[in-house]
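Protein chains: 2
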Amino acid sequence: MVMNYVFSDKISGLKPSAIREILKATADPSIIAFAAGNPAPDAFPVEEIKKISMDILEKNPIAALQYGATEGYTPLRDAVKKRLASQGSFSDRDELIITSGGQQASELSCKIFLNEGDTLICESPSFIGCLNAFRSYNAHLAGVEMDDEGISLEGLEEAVKNNKNCKLLYIIPNFQNPSGRCMSAARRKAVYEFACRHDLIIIEDNPYGELRFAGEDIPSVKSLDTEGRVIYAGSFSKVVSPGMRVGFIAAAPEIISKIVVCKQVSDVHSNILAQMICHRILTEYDFEAHIANLKSIYKRKYTIMADGIKKYFSSKVTVTEPQGGLFIWGTLPEGSDMIDFCQKAIARKVAVVPGTAFLTDENAKTTSFRMNFSTPTDEQLTEGCKILGQLTKELYGE
Amino acid sequence: MVMNYVFSDKISGLKPSAIREILKATADPSIIAFAAGNPAPDAFPVEEIKKISMDILEKNPIAALQYGATEGYTPLRDAVKKRLASQGSFSDRDELIITSGGQQASELSCKIFLNEGDTLICESPSFIGCLNAFRSYNAHLAGVEMDDEGISLEGLEEAVKNNKNCKLLYIIPNFQNPSGRCMSAARRKAVYEFACRHDLIIIEDNPYGELRFAGEDIPSVKSLDTEGRVIYAGSFSKVVSPGMRVGFIAAAPEIISKIVVCKQVSDVHSNILAQMICHRILTEYDFEAHIANLKSIYKRKYTIMADGIKKYFSSKVTVTEPQGGLFIWGTLPEGSDMIDFCQKAIARKVAVVPGTAFLTDENAKTTSFRMNFSTPTDEQLTEGCKILGQLTKELYGE
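Protein sequence lines correspond, in order, to chains A and B. In case it helps, the working numbering puts the first sequence at residues 1225 to 1622. In case it helps, the working numbering puts the second sequence at residues 1225 to 1622.
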């Protein structure tokens, strides 16, 4: 009587994101959430969104409520093209589509290029949401280690040698999730040349690029692209609001036209009111001042966490020192039991994400874990570092 | 220098929806759009949406702007469960997820069940958006003819006999798109029993069910489901706003949990503000009165078009007589050139959709075409019928 469901091969092994499961556990408000990736609540342009929404629903409600074009709301597309062009990430040869967040950008890019079993190369660790999107199309994931300059060139060469049908290379050059690392300009150039040599399409995922609070901007890989092989994915999630689900893809028109037909069958188009709001925030307000404000918020929060780590953590624990984004990547001494550490931390009411969640092989070993400094309050940042630090000293000495 | 893009097998043959391409052509405001499927502009609860939006952004902006749960906004899920339960389409054994429109409901249902090459059986003609979604996973589509009571039982038996790995059955029982037909209660029962016998999962797509303007409601196939094999997809697109992209799936929890992981990697979650708006329209306003108003709008518009057809069309052209929904399906005399008719119609500034767009085999022949009565103004409905009628008389006699 009860059915025996037979699901498709591609999704049978797919598990809910470990992070989102951890987040559910941390709905408990007494837990300090170093495990999340939410923008700081004071980073949302609430007043602007309120004013703009009112104005749209007053003057132009039908346009906001009726069906729209799959490609996206034209004035928003134009505004994003202009901004990307000013950053070197959009050329006259490119096209642009609005997506339902950056997640959909990577998911559709995978869908249009990969047959089941084809190989996608990526940084390891990398963003679990996109890794799972690739897994949901039965992509074979080849993870490549990083150093401080980004994905390893030797590792890339090994990956194309050891894996069949390598077609895509997924990278997060700016303030990578989870490592916080930023790929150097030289490495970007070398990675692009590698992709040309091996005829790979690059998905350059850049959700955090606007959030640089130290150092100098580095040109995107897209800005180096003379052959039309870079799919540049961006998002309003970290600079306006993730709840709106507005992202975008800039790429060659041949790629965008395939993305359009795939998005059409996926969700027809993205929420229109949200697109209209993003358009007006981008064009009618001082967007640069808004970004400057975000940077100062995240710089403050990063500094509190970095200072807390310096002050309270065992010297045996190493951490990355990001110049932007939302994450710090911590690494326990070799041979230590990272899962045990994360469980002890949550027992003391601080949640971090086990590094295994970000590996292409989730059964591989790592002693690393991810900490987020955008979600907790300033007080929680210090308090959480104190608790985690005490734990590291108990486990690994001063 | 210019790349030769090699796209995935599953999407290489995918074309933009013929309808959306036609709609682009009809952006010309001088064209009478019988080809669209948009809700009537006066059907939107604009004042309510404005008031609710303001209130949310005033009192609870962070909840509307921050990340949310993939399953959807809990109060909306609860309200939809309650409404579906009152209609017999949600039981204690079911679960529910909010999707980005009804389109995503069908797309994800296909993704979790079908391997490439597996067969999906559907009515022919059927909704092109979902047919293309199924095609984008390399589903083999087996179209089955309909009679006035719905999909043919003999045709279904033939389909499982002649096609391999039949796993899904996609149906639109209420005011089917494009035919406008409604499946009888007896046929629903027989179709459900057929699915049980052949171990098929049914996707019951019901975007138009609330829009019955004549006759009596017929219980959903979901209401007959004792085995957990019906995926019920609904949407707010036709009753609140399509631009918001809010739909839902009610199904067995085993199915919903797979849909959740697939939605998580697709767009994380649906736009939160839109979910909050739908929740409050459903719970704080007189939703029944709103639906009654929609029914009276569509009854009026249908009657104008039906009267126009009766008055102006050649008697050689037959049409369906829907009791709800948005569409009338017209059929030209046997042997006539339907594409030529559609082209002549657009030359006279009336757009209809060629019936071939809705066939599982787009190269098959049909003399049918789709007309929509929700998008045009009342005046355009009469004027369009006059123009089309004149054309039919010129081509096929009185």
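We put the beta carbon where it would ideally sit given N, CA and C, even for glycine.
{"query": "Amino acids of chain A, ordered along the chain, whose beta-carbon sits closer than 7 Å to that of B/K1482", "result": "F1231 and I1235"}
{"query": "Chain-order list of residues whose beta-carbon lies under 7 Å from that of A/L1605 (same chain, five-residue window excluded)", "result": "K1525, I1528, M1529, G1532 and F1597"}
{"query": "8 Å Cβ cutoff met for B/K1519 and B/P1263", "result": "no"}
{"query": "Within-8 Å CB hit, B/Q1290 to chain A", "result": "yes"}
{"query": "Terminal residues of the alpha helix (DSSP H) in which B/D1564 lies", "result": "M1562 to A1571"}
{"query": "Interface partners of A/F1337 on chain B, CB under 7 Å", "result": "F1231 and S1232"}
{"query": "Within 8 Å, strictly: CB atoms of A/Y1536 and A/C1420", "result": "no"}
{"query": "B/A1457 and B/G1467 closer than 8 Å at C-beta", "result": "no"}
{"query": "Given 8 Å, three or more beta-carbon pairs between the stretch 1354-1370 of chain A and the stretch 1382-1396 of chain A", "result": "yes"}
{"query": "Enclosing beta strand (DSSP E) for A/T1343 [first to last residue]", "result": "T1343 to E1347"}
{"query": "Which of helix, strand or coil DSSP assigns to B/Y1456", "result": "strand"}
{"query": "Residue from B/Q1614, B/P1546 and B/V1576 with nearest C-alpha to B/F1399", "result": "B/P1546"}
{"query": "A/S1592 - partner residues in DSSP beta bridges", "result": "A/T1555"}
{"query": "Cβ neighbours of A/I1235 in the same chain (closer than 8 Å, five flanking residues each side left out)", "result": "S1360"}
{"query": "Residues, ordered as in the chain, of the stretch 1429-1461 of chain A that lie near chain B by beta-carbon distance below 9 Å", "result": "T1450, E1451, G1452, R1453 and S1461"}
{"query": "Given B/S1254 as reference, the closest of B/G1621, B/R1572, B/T1584 and B/G1579 once Cα atoms are compared", "result": "B/R1572"}
{"query": "Closest Cα partner of B/Y1509 within the set B/G1452, B/E1618 and B/I1273", "result": "B/I1273"}
{"query": "Residues bridged to B/V1384 [DSSP beta-bridge criterion]", "result": "Answer is none; B/V1384 lacks a bridge partner."}
{"query": "Residues that DSSP places opposite A/F1337 in a beta bridge", "result": "Beta-bridge pairing links A/F1337 to no other residue."}
{"query": "Contact set for B/G1404: own chain, Cβ-Cβ below 7 Å, skip 5 residues either direction", "result": "T1544, P1546, G1549, F1551, I1552 and W1553"}
{"query": "Test: A/Q1567 CB closer than 8 Å to a CB of chain B", "result": "no"}
{"query": "Sequence-distant residues of the same chain with beta carbon closer than 8 Å to A/L1238, five excluded per side", "result": "N1356, R1359 and S1360"}
{"query": "Contact residues within the stretch 1254-1270 of chain A, judged by C-beta distance below 7 Å to chain B", "result": "N1262, P1265, F1268 and V1270"}
{"query": "A/E1618 to A/S1350 span [Cα, whole Å]", "result": "30 Å"}
{"query": "Residue ranges of each alpha helix (DSSP H) within the stretch 1291-1320 of chain A, 4 or longer", "result": "1298-1310"}
{"query": "Spatially closest choice to B/A1259 from B/H1514, B/T1616, B/M1370 and B/A1581, by CA coordinates", "result": "B/A1581"}
{"query": "Inter-stretch contact (C-beta, 8 Å, three-pair minimum) for the stretch 1494-1512 of chain A and the stretch 1490-1499 of chain B", "result": "yes"}
{"query": "Through-space distance from B/I1483 to A/G1341, alpha-carbon basis", "result": "22 Å"}
{"query": "Where B/D1371 sits in the DSSP three-state scheme", "result": "strand"}
{"query": "C-beta atoms of B/G1353 and B/I1322 nearer than 8 Å", "result": "no"}
{"query": "Supposed contact pair B/L1320 and B/R1301 - C-beta distance, whole angstroms, cut 8 Å", "result": "5 Å"}
{"query": "Secondary structure of A/L1435, DSSP reduced to three states", "result": "coil"}
{"query": "Cβ neighbour criterion (16 or more within 10 Å) applied to A/S1232", "result": "buried"}
{"query": "For A/G1292 and B/A1251, the rounded distance between their alpha carbons", "result": "12 Å"}
{"query": "8 Å Cβ cutoff, B/V1304 in contact with chain A", "result": "no"}
{"query": "Amino acids of chain A, ordered along the chain, whose beta-carbon sits closer than 7 Å to that of B/P1466", "result": "Q1290 and Y1291"}
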